[in-house]
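Each remark here refers to the structure printed beneath this line.
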Amino acid sequence: MFKEMPASKAYRLLESGPIVMVSTRATNGSDNLMTMGFHMMVQHEPALVGAIIGPWDHSHEALRRTGECVLAIPTVDLARIVVDVGNCSGSETDKFKRFGLTALPATDVRAPLVGECLANLECRVADTSLLDRYRLFILEVKRIWVDQDRKERRLIHHAGDGKFIVDGETIDLGDRMVRWQYLMD
Ligand SMILES: Cc1cc2nc3c(=O)[nH]c(=O)nc-3n(C[C@H](O)[C@H](O)[C@H](O)COP(=O)(O)O)c2cc1C
């Protein structure tokens, strides 16, 4: 028996890609972080990611002006910090300092990597044609860094409104991906 739920709550079912933090460096040199759940892969090669970053976020202006950011992927041990990062503004606080996070130099962009995260994706804005309509930045991933030594590797997925799903069992059905072998290595 299906029970209807409001269409406006679609995000509770579809949002659950890993929560990420977006790192930016503004033109005045100040680094900032925000939390982002609304993102999706758009293309394999070059890798494009759609990111919804609202004009109410201090990060929006920095990303619009510099065209650069890092998508930092946290693990479950950072969950509380991730929520807190998404509940304060970089216009009032230095979030790296406040949350004890380490800004590390990236290679292709000025925005910093986040030392405590499992992975960092250096990105450049590739398309802003839907920015005014949907606040949608299309980002091209230029470089990816993954921490090989980190013990905790479970990602968290925002199920909406502060609830998170923690990574569980992985099942590998790669042998059935007969049409998509060229994507696998
Ligand atoms: C779990 C979670 C997910 C969020 N997802 C998004 C998102 O996808 N897009 C967005 O614009 N803001 C999102 N936010 C809100 C921003 O992270 C929040 O407005 C943040 O304070 C912005 O920081 P800034 O003003 O320093 O840029 C999210 C917040 C939380 C806690």
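Mapping the sequence shown onto full-length UniProt numbering, position 111 (from 1) lands on 111, and the numbers just tick up by one.
Here a beta-carbon is modelled for each residue, glycine too, at the ideal position from N, C-alpha and C.
Everything numeric in this text was worked out from a predicted model, so none of it was measured.
Nonlocal neighbours in the same chain, by C-beta distance under 6 angstroms from residue i, ignoring five residues either side
| i | result |
| --- | --- |
| THR35 | MET21, VAL82, VAL85 and GLY86 |
| ALA26 | ALA62 |
| GLU152 | THR75 and ASP77 |
Closest residue to residue i among the options (Cα-Cα distance)
| i | options | result |
| --- | --- | --- |
| ASP147 | LYS97, ALA79, HIS44 and LEU104 | LEU104 |
| MET41 | GLU15, ASP77 and THR102 | GLU15 |
| CYS123 | TYR11, ASP172, MET1 and PRO46 | PRO46 |
| THR24 | VAL114, ASP185 and LEU118 | VAL114 |
| ARG154 | GLY54, LEU13, LEU118 and TYR11 | LEU118 |
| GLY29 | ARG176, ASP94 and GLY174 | ASP94 |
Sequence-distant residues of the same chain with beta carbon closer than 8 angstroms to residue i, five excluded per side
| i | result |
| --- | --- |
| HIS58 | ASN32, MET34, SER89, GLY90 and SER91 |
| HIS39 | GLY17, VAL20, VAL49, GLY50, ALA51, ILE52 and LEU71 |
| TYR134 | ILE52 |
| ALA11 | The residue asked about is misnamed: residue 11 is Tyr in this sequence, not Ala. Result list for TYR11: GLY37, PHE38 and GLY160, in chain order. |
Cβ neighbours of residue i in the same chain (closer than 7 angstroms, five flanking residues each side left out)
| i | result |
| --- | --- |
| HIS157 | SER16, GLY17, PRO18, ILE19, PHE164 and ILE165 |
| GLY37 | GLU15, ILE19 and HIS158 |
Beta strand (DSSP E) segments (min. 3 residues) lying fully within the UniProt domain "Flavin reductase like" (12-164)
20-25, 31-36, 39-43, 48-52, 68-73, 119-127, 136-146 and 156-158
Inter-stretch contact at 8 angstroms, needing at least 3 Cβ pairs: the segment 159-171 / the segment 134-148
no
Would you be able to state if there are at least three C-beta pairs under 8 angstroms between the segment 90-109 and the segment 59-72?
yes
Are the segment 45-57 and the segment 122-136 touching, with three or more C-beta to C-beta distances below 8 angstroms?
yes
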